[in-house]
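Chains as they are written, first to last, in the working numbering: chain V, 6 to 233; chain C, 738 to 941; chain A, 12 to 476. Just so it is clear, CB atoms sit at the ideal spot from N, CA and C, and this is done for glycine as well.
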Amino acid sequence: MKLDPRTKLFLAIVVNSVILSAPPVYSVLMFAVPAILLLFEKKWKFVLAFFSLYLAAVLGFEHLKTMDVGRVGTLAVSTMMIVSRMMPITIVLYYVMQTTKANEFMAGMSRMHVPNKVTIPLTVMIRFFPTVFDESRAIGNAMKMRGIRLFSLQTLKNPFAILEYRLIPLLVSITKIGDELSVAALTRALTPEAKRTCIVPIGFHVQDLVVFAYCIAVVVLFLLRPVS
Amino acid sequence: MPNVKTTGKKSSNTLVRDLVNVGIFAALYIVLAFLSSSVGYIPALIVFSTGSIALVTSIPLFLFFSKIERSILCCLIFCGFFGTAMFVMGQGILMLSISLLVGLLAGVALKVFGKGFAGLFSANIILCLMSSSMMLPLWTSTEEYLEYTRTMCDAGYVAKLAELSQSPWPLVAIYAFGILGAVVGGFIARRVMKKHFERIGLAK
Amino acid sequence: MKISFKNVSFSYTDSIDDAIIKDINLQIESGECVVLAGESGSGKTTISKLINGLIPLYQSGTMAGDVLLGDKNTADMTLAEISKYVGSVFQNPRSQFFNVDTDSEIAFGCENLGVEPEEIRRRIDKTVKDFHLESLLGRNIFHLSGGEKQKIACASVNATDPDIFVLDEPSANLDLKTVDDLAEIIKLWKSRGKTVVVVEHRLHYLRDVADRIVYVKDGRVECEWTPAELEAKGPEYAASLGLRSIKLVQLGGARATASESQGESITFRNLKFSYQKKFPILDIPELSLPKGKITALLGHNGAGKSTLAQLVCGLRGSWSQKRAARKLGTYLIMQDVNHQLFTESVLDEVLLGMHPKDETAAFEILESLNLKNYAEKHPMALSGGQKQRVAIASGVSSNRNLIVFDEPTSGLDYRQMLAVSATLKALANRGKTLFVITHDPELVLNCCHHVIRMDHGRIVEEYSL
Chain V
6 MKLDPRTKLF
16 LAIVVNSVIL
26 SAPPVYSVLM
36 FAVPAILLLF
46 EKKWKFVLAF
56 FSLYLAAVLG
66 FEHLKTMDVG
76 RVGTLAVSTM
86 MIVSRMMPIT
96 IVLYYVMQTT
106 KANEFMAGMS
116 RMHVPNKVTI
126 PLTVMIRFFP
136 TVFDESRAIG
146 NAMKMRGIRL
156 FSLQTLKNPF
166 AILEYRLIPL
176 LVSITKIGDE
186 LSVAALTRAL
196 TPEAKRTCIV
206 PIGFHVQDLV
216 VFAYCIAVVV
226 LFLLRPVS
Chain C
738 MPNVKTTGKK
748 SSNTLVRDLV
758 NVGIFAALYI
768 VLAFLSSSVG
778 YIPALIVFST
788 GSIALVTSIP
798 LFLFFSKIER
808 SILCCLIFCG
818 FFGTAMFVMG
828 QGILMLSISL
838 LVGLLAGVAL
848 KVFGKGFAGL
858 FSANIILCLM
868 SSSMMLPLWT
878 STEEYLEYTR
888 TMCDAGYVAK
898 LAELSQSPWP
908 LVAIYAFGIL
918 GAVVGGFIAR
928 RVMKKHFERI
938 GLAK
Chain A
12 MKISFKNVSF
22 SYTDSIDDAI
32 IKDINLQIES
42 GECVVLAGES
52 GSGKTTISKL
62 INGLIPLYQS
72 GTMAGDVLLG
82 DKNTADMTLA
92 EISKYVGSVF
102 QNPRSQFFNV
112 DTDSEIAFGC
122 ENLGVEPEEI
132 RRRIDKTVKD
142 FHLESLLGRN
152 IFHLSGGEKQ
162 KIACASVNAT
172 DPDIFVLDEP
182 SANLDLKTVD
192 DLAEIIKLWK
202 SRGKTVVVVE
212 HRLHYLRDVA
222 DRIVYVKDGR
232 VECEWTPAEL
242 EAKGPEYAAS
252 LGLRSIKLVQ
262 LGGARATASE
272 SQGESITFRN
282 LKFSYQKKFP
292 ILDIPELSLP
302 KGKITALLGH
312 NGAGKSTLAQ
322 LVCGLRGSWS
332 QKRAARKLGT
342 YLIMQDVNHQ
352 LFTESVLDEV
362 LLGMHPKDET
372 AAFEILESLN
382 LKNYAEKHPM
392 ALSGGQKQRV
402 AIASGVSSNR
412 NLIVFDEPTS
422 GLDYRQMLAV
432 SATLKALANR
442 GKTLFVITHD
452 PELVLNCCHH
462 VIRMDHGRIV
472 EEYSL
């Protein structure tokens, strides 16, 4: 089941704005969409794990919220709440990230008349999140090996030093990767003026219409809900 | 020697470099902003979270500002991404508009004051207004925001927020700490630029 | 397509007097495969940038003379136009892809040029068949090994069907098996009449495919040979010019049977690691490293070498393994040493791990690693080899006994390799135990005492040299 990248964008925005401001019923109605779509992608393991965790967090919260659980308990309860609230966002983003290729995304954006000046950095940004974490992990390893820790006498003496130790190698290596990436992109004809083609055909189909209609229906339901 | 010419001045090619830099630094900024704003989950430290974001992101922002050539365009896209990310995460359209405005102003500041310390410093302070605005809805649309956080966080936290929203002073404090963070961060960043990046040759 | 350099000089500064390339005249004929060899800093990479148009169109600097592709001057073209004729592959596989999945990455160049989707798909199918990439399709590039990434980079360039291929140290991060695959790809290009220019230190894999080896020194073309001519002059001649051996150095002749326990050794037991229980990445019941000696760890990309290094250094594995590593005092010199330099001067870097801080001792360590004159310099502003020595110095100063190196000679020329080898020997003489992950047989022959070969997470061979 393939959706047009524009549909996915719409889905992501609607789902997230509804989830964060509506009672749980509506958010379940909403994130059922990416869950079903993920089942089409044969990601049933992820969906299963997601739902078990979500149920655990929601039920745990419902069960505990009225009890007096003390200071630590409150922290646990609020964590559960945050988890149950943020999880629907992750499933949508996971779905979009898993199924949308960079070229599809760029093609979708250019169909919406978003200029290349915006799409190019946006594509780079999406590709760069894993790199930031990879580099940061390698630097963390090196710090561990050197015995530089977040909590130690040395750090207390100069709290900004830890910021420097962490950020400077990171900035040096990602700017270097950035420079090399620009060069690689330029030698492969990426220019802001280019009219790109895309090997993945994009366009609206029945499934896009269904998703659009469903999302709008839920939003209307939500807006017309009886206010207590 | 015959026909000696300077090279690399063709604008469309440096534009790609600028755009790639925007993408890279936006990714880094978003990651850092989310990590450093987590300070605000402890109710007593809510007002400091904006300061911590501004402090931590100052160093990468200084480097970003000094690397880009088209100040206004790059700052606008950069802030637009952050605003859109916040918008997708459920913050209102107000946040997106503020982000774009901040981006424009930061770009103009860089253009007017140049790439010296004055320009970088002022752009950094302007930019911190963007991350500091994340809590603005608590005052502009108090009820909706409380409703929104009520579903996110526990009652004690919301009560704390409700208490904060009663007077305008915490809002002033949030911005003040944000700006303070950007000022302190700016001075640290200047030192880091001199001590590290200029000596490595990453910045002039 | 023919490439001609006409009196070309280039400088990275505003003045042509600082030129790194000086008055080069070079003609590369259509269908030729030319290797640009020379020591680091000789200007050979600059020559490759002149061919793919990054100079004069992107790199800022000062240039004199003209570079012609066919009869077109690169200065009058745009980079997008040049990319139709010239395809480039770079050294670092992790920073040259734009997409997250392999299929889109192969299509990327074609899409930018606006080639019709049907045509792109036809080209991808052909490229996949030619390069045997079936198993790499539809994968996440972040999960590929360096060699696989480099193959995808070649495939992506191939899909745009240029007449000229420029490869800038493509083998720097590759193992011997993948290097052979790369040689096959170059052969294929040549058989189709493409012009191939390779900037490279490692020459052995190009022996059968290169038509000419152009030796660049101090920004000038010093001399040229065919591979056979260079080979005939003998390995000493190549070494005296700072070139790597053109014949693949074999370890076979020199090996002795693994001698049983002469002297003490550091022993690790039960080194196991897996992401999923069923598929162990690493399964080594016992690993012993002779004390005060240099042990080389060989094996293909993906054989589990880096995982082993991380386990030994306590960066992975169980809590007790980590504690054992800390107690023993292990230190890893990473392949990208930029990750492990933190401070603003070389001296500070050495003092950082020292307890108590002792400047005289620090200077002594710096002296022994030829870094004394750089004590006040910023570590990241140094050259690659110097950075590596700073990282070593920081390991020595924090009193580590076992130092593990991850590919210390990737992308180094002969002289730099010898320098690394000398450093390793000096460390062993100080009583340190060294464990070196490498693909570099010349390094192994030069300094290692003991060799361990790994495959699929197990030790398959051990011998002494």
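Pair within 8 Å by beta-carbon distance, residue i and residue j
{"i": "Ile767(C)", "j": "Val929(C)", "result": "no"}
{"i": "Leu144(A)", "j": "Lys162(A)", "result": "yes"}
{"i": "Gln212(V)", "j": "Met6(V)", "result": "yes"}
{"i": "Asn146(V)", "j": "Asn110(A)", "result": "no"}
{"i": "Leu300(A)", "j": "Thr420(A)", "result": "no"}
{"i": "Val227(A)", "j": "Lys201(A)", "result": "no"}
{"i": "Ser868(C)", "j": "Gly915(C)", "result": "yes"}
{"i": "Pro174(V)", "j": "Leu352(A)", "result": "yes"}
{"i": "Val210(A)", "j": "Leu47(A)", "result": "yes"}
{"i": "Thr306(A)", "j": "Val126(A)", "result": "no"}
{"i": "Leu60(V)", "j": "Val223(V)", "result": "no"}
Alpha-carbon spacing of residue i relative to residue j, whole angstroms
{"i": "Ala37(V)", "j": "Val407(A)", "result": "57 Å"}
{"i": "Phe819(C)", "j": "Ser773(C)", "result": "15 Å"}
{"i": "Met738(C)", "j": "Gly183(V)", "result": "Legend: pLDDT at Met738(C) = 49, less than 50; position of this residue unreliable, value from coordinates given subsequently. Rounded to whole angstroms, Met738(C) to Gly183(V) spans 35 Å at the Cα level."}
{"i": "Leu752(C)", "j": "Arg807(C)", "result": "8 Å"}
{"i": "Asn349(A)", "j": "Pro390(A)", "result": "9 Å"}
{"i": "Leu798(C)", "j": "Arg151(V)", "result": "28 Å"}
{"i": "Phe108(A)", "j": "Gln102(A)", "result": "12 Å"}
{"i": "Glu375(A)", "j": "Leu254(A)", "result": "32 Å"}
{"i": "Glu185(V)", "j": "Leu124(A)", "result": "20 Å"}
{"i": "Val139(A)", "j": "Leu148(A)", "result": "8 Å"}
{"i": "Glu50(A)", "j": "Asp424(A)", "result": "6 Å"}
{"i": "Leu343(A)", "j": "Arg411(A)", "result": "10 Å"}
{"i": "Thr24(A)", "j": "Lys746(C)", "result": "13 Å"}
{"i": "His215(A)", "j": "Leu259(A)", "result": "5 Å"}
Chain V within 8 Å of residue i, Cβ atoms only
{"i": "Gly442(A)", "result": "no"}
{"i": "Ile925(C)", "result": "yes"}
{"i": "Phe374(A)", "result": "no"}
Closer than 8 Å to chain A by CB, residue i
{"i": "Ile796(C)", "result": "no"}
{"i": "Ile805(C)", "result": "no"}
{"i": "Met738(C)", "result": "Its pLDDT being 49, under 50, Met738(C) is placed unreliably by the model, and nothing is read from it."}
{"i": "Gly760(C)", "result": "no"}
{"i": "Phe743(C)", "result": "It is Thr, not Phe, that sits at residue 743(C) in the sequence shown. Chain A, which has a Cβ nearer than 8 Å to the Cβ of Thr743(C), makes this yes."}
{"i": "Leu44(V)", "result": "no"}
Three-state secondary structure (DSSP) of residue i
{"i": "Asp114(A)", "result": "helix"}
{"i": "His461(A)", "result": "strand"}
{"i": "Arg223(A)", "result": "strand"}
{"i": "Phe209(V)", "result": "coil"}
{"i": "Thr180(V)", "result": "helix"}
{"i": "Ala926(C)", "result": "helix"}
{"i": "Leu772(C)", "result": "helix"}
{"i": "Lys283(A)", "result": "strand"}
{"i": "Ser22(A)", "result": "strand"}
{"i": "Val209(A)", "result": "strand"}
{"i": "Pro905(C)", "result": "coil"}
{"i": "Arg134(A)", "result": "helix"}
{"i": "Cys234(A)", "result": "strand"}
Residue-chain proximity (residue i, chain C), Cβ-Cβ < 8 Å
{"i": "Thr196(V)", "result": "yes"}
{"i": "Gly145(V)", "result": "no"}
{"i": "Gly152(V)", "result": "no"}
{"i": "Leu325(A)", "result": "Checking the displayed sequence, the identity of residue 325(A) turns out to be Gly instead of Leu. So no, Gly325(A) is outside the interface."}
Distance cut-off 7 Å: residue i Cβ against heavy atoms of the ligand ZN
{"i": "Asp294(A)", "result": "Questions concerning the ligand ZN fall outside what the structure shown contains, since it holds no ligand whatsoever."}
Runs of beta strand (DSSP E) lying entirely within the segment 24-86 of chain A, each at least 3 residues, in chain order: 32-39, 44-48, 72-80
Length-filtered (3 minimum) beta strand (DSSP E) runs lying within the segment 393-425 of chain A: 413-417
Note down, one range per segment and in chain order, each alpha helix (DSSP H) of at least 4 residues found wholly within the segment 330-398 of chain A. As far as the segment 330-398 of chain A is concerned, its whole alpha helix (DSSP H) runs of at least 4 residues are 330-339, 357-363, 370-379.
What alpha helix (DSSP H) runs, 4 residues minimum, are completely inside the segment 793-870 of chain C? 808-825, 830-850, 854-869
I'd like the ranges of any alpha helix (DSSP H) spanning at least 4 consecutive residues and lying wholly in the segment 84-109 of chain A. Runs of the alpha helix (DSSP H) lying entirely within the segment 84-109 of chain A and spanning at least 4 residues, in chain order: 90-96.
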